[in-house]
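Under numbering that gives the first Met the number 0, think of the first position of the sequence shown as 0, with each following residue one higher.
Each residue gets a CB set at the ideal place from its N, CA and C atoms; glycine is no exception.
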Amino acid sequence: MTPKAVFWDMDGTLVDSEPLHDAALVSAMRGVGLTAPADLHERVLGKTAAFVYDMMRDEFGLALPFDEWIARKYDYYLANVCGLQPRPGAIEIYRELQARGVPQAVVSNSDRMIVDANLGAVGLSHAGMKTVSRNDVREGKPHPEPFLRAAWLFGVDPKDAVAIDDSTTGAMSGLAAGMKTIFWPEKPMPGPAGAVAILTPEELRAELGL
């Protein structure tokens with residue numbers, strides 16, 4: 000059965016942007032003389048910019064103010080955003096749900112400028128589209144607030160909605176919001192208890208009743 004609303008994470012779920020986030024972070028680190036650890040991707044996946052900044056400061060000795068640090072990362076990111084591609088199969092499913100009239104929103108831990116840039120780069124901006132960025136909530140994922148705000152925007156009971164996310168952090172947010180949560184990682188890995196773990200667009204379609 001098709002849900003009453005579907006709320007998508009952006010980075011890594013709708014848009015294949017995690018490699019660019021990693022490259023931008025590495026570039027910013029190199030610019031201040033820091034060396035990225037081998038497990039950087041795993042440690043920052045799904046986290047907010049503030050979380051990553053605190054990690055850089057506490058573990059790597061970053062001395063820059065937050066605004067200067069994030070400007071370095073975003074300068075690199077936005078200069079390369081035009082090369083982004085959608086995650087295979089994701090936007091096709093988004094479009095099919097849209098054609099069926101199913102309410103959808105993009106719910107991201109990224110800042111507003113990144114959300115808008117990413118969706119524009121992959122051609123997913125449209126009239127009436129609703130998005131929730133890290134700038135729109137007090138608490139980011141894994142707190143439930145981002146997905147609960149999406150439900151509020153549509154007047155949908157969270158238990159009637161589906162959250163889709165590629166990170167454990169994001170899936171925990173969907174679960175905490177009381178939604179059916181689909182964990183769709185970029186590579187096989189255990190998901191949080193209670194989430195429906197999938198690996199392919201075909202499995203996603205089945206879970207959405209398409």
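When we look at the beta-carbon of residue i and count the other beta-carbons within 10 Å, is it buried (16 or more) or exposed?
i	result
E17	buried
E144	buried
G11	buried
P87	exposed
P157	buried
N134	exposed
P85	buried
G279	No answer is possible for residue 279: it lies beyond the span of the chain, which begins at 0 and ends at 209.
P64	exposed
P187	exposed
G139	buried
A205	exposed
M128	exposed
A192	exposed
Taking the beta strand (DSSP E) that residue i falls in, what are its first and last residues?
i	result
K179	179 to 182
K129	129 to 131
A48	Premise fails: A48 lies in the alpha helix (DSSP H), 48 to 59, not in any beta strand (DSSP E).
A104	103 to 106
Compare the beta carbon distance of residue i and residue j with 8 Å and say whether it is the shorter of the two.
i	j	result
G173	F146	yes
A104	F6	yes
A149	V106	yes
V155	I181	no
T130	K46	no
M171	P141	yes
S109	S132	yes
V14	V121	yes
D8	D164	yes
K72	A23	yes
L209	I90	no
L19	Y76	yes
A175	P102	no
T1	L203	no
Can you tell me whether DSSP reads residue i as helix, strand or coil?
i	result
Q97	helix
V195	strand
D66	helix
A22	helix
V114	helix
P85	strand
D10	strand
V5	strand
G119	helix
D74	helix
M28	helix
E91	helix
E185	coil
List the endpoints of the continuous alpha helix (DSSP H) containing residue i.
i	result
V43	39 to 43
V136	V136 -> no alpha helix (DSSP H), and no H or E assigned at all.
L203	200 to 206
| field | Every unbroken alpha helix (DSSP H) within the segment 146 to 181, with a cutoff of 4 residues, ordered by chain | value | 167 to 175
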